[in-house]
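Here the structure comes first, spelled out in structure tokens, and everything after it is commentary.
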Amino acid sequence: MFDTLLPYLLAGISVGGQYALIAVGYTLVYGILRLINFAHGDIFTAAGFFMIYLTASLPIGLSIPLVIILTVALGFTVERVAYKPLRAAPRMSIMISAIGVSYLLQNLMWYITGGLAKQYPVLPGLSETIKIGSATTKVVTVVTPVLTIVLVVALVLLINRTKIGMAMRAVSKDFETSQLMGIKINNVISTTFIIGSAMAAIGSMLYFTNYTAVTPTVGAMPGLKAFVAAVFGGIGSIPGAMIGALIIGICENLIKAAGWTAFSDAFTFALLIVVLLFRPTGLFGEKTTDKV
Amino acid sequence: MKKGNLRLIISLAVVALLYVGGCLIEQTAGTKSMIVTVLQKGAVYALIAVSMNLLNGFTGLFSLGQAGFMLVGAYSYAILTIPMAKRAAVYQYYNGGWVQFTIGVIPALLVAGVIAALFAALIGLPVLRLKGDYLAIATLGFAEIIRAIVQWDTIGPLTNGSNLLKTYPTLKNIMPGNTVLFTFIIVGICIGLILLLINSTYGRAFKAIRDDEVAAEAMGINLFHHKQMAFVISSFFAGIGGALLAMYQGSLQANSFKSSMTYEILLIVVIGGMGSVSGSIMASFLFIACSEWWLRFLDAETMLGDFKVPLLAPGFRMVVFAVVIMVVVLFFRKGIMGDRELWELGGRRGAKGGRSVK
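Residue numbers (my numbering), protein chains in the order written: chain A, 1 to 292; chain B, 1001 to 1358.
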């Protein structure tokens, strides 16, 4: 029993860790702007394409930092161009703008790649196979959870111990008051997008090592799932996002193990609805009160 | 009211003129011409955009499930109308399929709407208790679930799995030469019904919910009941729209009803103006004309003498298009019409109970 489930469990932990890295971007941005950044999944896809195009001419060692830098630049630009002008607009407008950016990025990637699936390069050290117990798997399966935990711990320290972290917490509590206290909210918001994009870039390297083919719309589904993970864990909470993502990743793969592959995606959204109905603040979210 | 009557007569006359115009264009230009394609597809999208506007623009429910309900409608229509003689060929991997009867085109369109509405009623029960962006994500998720389940092998005898559905009656073979008229009539009836609904007590309740949920509830409007109603009716028309889209396309596959389709329709609604039926209709025709016709040249690699025009390559059209949409979203947030109607222009602002307090 355990031997048959082990490969699925390992895959679940691995994919869950990758969702977690994407979910961090959602949870940070939603915590501060109350915006579902629909473009985040496409930024994740873009990171995959950056890697493909960079490794075509540069060594891997140079490509990896460059991918992170380019993805961060993309996230930063999206925020400045598409979200910043709408700070005072109704929330629905910002969400529509986010959908517009997602549409633009997908079309742009389709144009640049010609709509063909591209082969993701083999990252040395991640694609080799190893044996754990009775299961054979790739190194990335082991690297992902470790890397995810290290990054999440670093991020929690950043948010709880540094000045910019304090500013982020303040802005997410109260936008206007923190502005009055002299916090440059535009800088804080840019920082959250930079952190989120960097995480998405790292996540994409791990994710595409398992999935190999990159198409312009490949990021949409992991993006949505990562958002659900962020809601499940309690929006605004980074450890919550990680635990939510791991649970979703594992459940999804166990459902696949049971032979219900068609429903593995459905499960995620069913989970979202159950969580929102019975515990709208998620596992670790803070209580909010609705004011009229 | 005399002035109101006059305006109604003018509006009806304009609509009649459009019908005659559409019909004449098809007679002179031929069914295969670009403009007829635009008129057909534009009309179908107009219905779908108006149905989405009923939810997003009039009731203030930010739902992103439209592609899912279109898919349900399109599949219901196709499954019910494939001729008996051709079922064996279409369902070749599933022994001819489960459904062993066919119904007429118009009943099938109605059934398509009803089935989509039933799905909406079921999904709405849990989902409509969510607010704002959570509702958006949950409906988007359900649309994806529907798409996955339709392609599920176990119900293959019903939906043909991930294979094409084809040989059902299409626009071209039920009304040869008058495809535009057929589409316009069906779409016209549906949009007319939506307009009547919007101008009824229910429509005013929808707008009240959009403007302020708490105040609307305090006024005695049953929030859940009205939201459910808007959701079900919107999905009913989305289902018919999906069926018409299937008739336009000639063959059907679940994979084309992606979330990007919902995004496209949402962007049409935004360009036309959230809360304006006439805006959605105009934006649909504009959107389809641009994407299918006017901007086609951007996709073709062009030589001017020896000079190869840079950037022009397949896919560039959609990039330009997306940029234009972003400009509208960022700088012209009201869209073409804002929340007004074409026939209200020139009249006093807010004369028909439009919102004036913000």
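Using N, Cα and C, we set each Cβ at its ideal position, and we do this for glycine too.
- Sequence-distant partners of A:L28 (beyond 5 residues in either direction) whose C-beta falls short of 7 Å from its own C-beta, in its chain, are T192, I195 and G196.
- If you draw a straight line from the Cα of B:L1193 to the Cα of A:S190, it is about 47 Å long.
- By the CB criterion at 8 Å, A:I22 and A:Y30 fall outside the cutoff.
- Here the alpha carbons of A:V24 and B:V1015 stand approximately 52 Å from one another.
- Scanning chain A for C-beta atoms nearer than 8 Å to the C-beta of B:A1136 yields I36 and M95, reported in chain order.
- For B:I1325, a Cβ of chain A is located within less than 8 Å of the residue's own Cβ.
- DSSP places B:A1049 inside the alpha helix (DSSP H), whose first and last residues are M1034 to N1053.
- For B:K1258, there is no enclosing alpha helix (DSSP H), as DSSP marks it with neither H nor E.
- A Cβ-Cβ separation of about 4 Å places B:A1046 in contact with B:S1284 under the 8 Å criterion.
- In this model, B:T1159 and A:L246 are separated by some 34 Å (Cα to Cα).
- Close partners of A:Y111 in chain B (Cβ separation under 8 Å): A1313, P1314, G1315, F1316, M1318 and V1319.
- Between the alpha carbons of B:L1295 and B:R1317 lies a distance of about 6 Å.
- For B:A1089, the enclosing alpha helix (DSSP H) covers residues M1084 to V1090.
- Proximity of A:S102 to chain B, defined by a Cβ-Cβ separation below 8 Å, is satisfied.
- When A:P65, A:F38 and A:A257 are compared, the shortest CA-CA separation from A:A201 is found for A:P65.
- When CB distances to chain B are screened at a threshold of 8 Å, the residues of the segment 251 to 269 of chain A falling below it are A262, F263, D265, A266, T268 and F269, in chain order.
- In the structure shown, the three-state DSSP call for B:V1099 is coil.
- Annotation note: the segment 1154 to 1206 of chain B contains the following uninterrupted alpha helix (DSSP H) runs of length 4 or greater, listed N- to C-terminal: 1156 to 1159, 1171 to 1174 and 1179 to 1198.
- Taking a C-beta distance under 8 Å as the contact criterion, A:Y19 and A:A170 do not qualify as a contact pair.
- For A:K131, the enclosing beta strand (DSSP E) covers residues T129 to I132.
- Residue-level contact check: B:W1293 does not touch chain A, since none of the beta carbons of chain A fall below 8 Å from its beta carbon.
- Under DSSP, A:K118 takes part in a beta bridge, and its partners are A:V214.
- Nearest in C-alpha terms to A:N253, of all of A:Q119, A:V140 and A:F267, is A:F267.
- The way I'd put it, the segment 1137 to 1149 of chain B doesn't touch the segment 1274 to 1292 of chain B; fewer than three beta-carbon pairs between them come closer than 8 Å.
- Residue contact check for B:A1148 against chain A: a CB pair falls below 8 Å.
- Per DSSP, the continuous alpha helix (DSSP H) segment holding A:T113 begins and ends at R91 to T113.
- Under a 10 Å Cβ-count criterion, B:L1128 is classified as buried, with 16 or more other Cβ atoms of the shown protein chains found around its own Cβ.
- Straight-line spacing of the CA atoms in A:N160 and A:I238 works out to 11 Å.
- Residue-level contact check: A:P222 does not touch chain B, since none of the beta carbons of chain B fall below 8 Å from its beta carbon.
- Look at the segment 166 to 250 of chain A and you find these whole runs of alpha helix (DSSP H), each 4 residues long or longer: 175 to 180, 185 to 211 and 220 to 233.
- Interface with chain A (8 Å Cβ-Cβ cutoff): B:A1322 is included.
- Each residue's CA atom was taken as its position, placing A:F232 and B:A1117 some 29 Å apart.
- Here DSSP, grouped into helix, strand and coil, assigns A:T137 to strand.
- Among the CB atoms of chain A, one or more fall inside 8 Å of the CB of B:I1145.
- Taking a Cβ-Cβ cut-off of 9 Å, the neighbours of A:G114 in chain B comprise A1313, P1314 and G1315, given in sequence order.
- With fewer than 16 other Cβ atoms from the protein chains shown falling within 10 Å of its own Cβ, B:G1220 counts as exposed.
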